[in-house]
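Right, one structure below, let's go through it.
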Amino acid sequence: MALGSLRQREIVLGALGNLPQATMATDDEVLRAIDRWKLFASGLGYIDAHLLASAALTPGTALWTRDKRLHVVAVRLGFDAGLN
Numbered sequence: 000m001a002l003g004s005l006r007q008r009e010i011v012l013g014a015l016g017n018l019p020q021a022t023m024a025t026d027d028e029v030l031r032a033i034d035r036w037k038l039f040a041s042g043l044g045y046i047d048a049h050l051l052a053s054a055a056l057t058p059g060t061a062l063w064t065r066d067k068r069l070h071v072v073a074v075r076l077g078f079d080a081g082l083n
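Numbering that gives the first Met the number 0 applies: residue 0 is where the sequence shown begins, and numbers increase by one.
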């Protein structure tokens, strides 16, 4: 978002900076998650897999996305925020 055109840029980026942060998955954890959850050939990218792996490491974390493929996998894994 920081690279986009935002109204009230400083306010928006400040508010985003105050949100709780998920635990960031390591590359090894992401690769293990890809195999464990059979994410290969699913149409997801590495960043999508990284989001899912990080969500798994952070209790109570849910994903809210408009990306259809990521949403399908988030629902299957129980990480969907249920806001779509």
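A virtual CB, placed ideally from N, CA and C, is assigned to each residue, including glycine. All of these numbers come straight from a predicted model, not from anything done at the bench.
If you draw a straight line from the C-alpha of residue i to the C-alpha of residue j, how long is it?
i, j, result
"A21", "L15", "13 Å"
"A55", "M23", "10 Å"
"L2", "D34", "32 Å"
"G44", "G13", "28 Å"
Closest to residue i by CA distance: which of the options is it?
i, options, result
"G42", "D79, A24 and R68", "R68"
"T60", "E9, D47, D79 and G44", "D79"
"R31", "H49, P19 and L5", "H49"
If we cut at 7 Å on Cβ distances, does residue i have a partner in chain B?
i, result
"M0", "Note that chain B does not occur in the displayed structure, where there is just one protein chain."
On the three-state DSSP scale, how would you describe residue i?
i, result
"L62", "strand"
"K37", "coil"
"A1", "coil"
Starting from residue i, follow its DSSP beta bridges and name the residues at the other end.
i, result
"D79", "L62"
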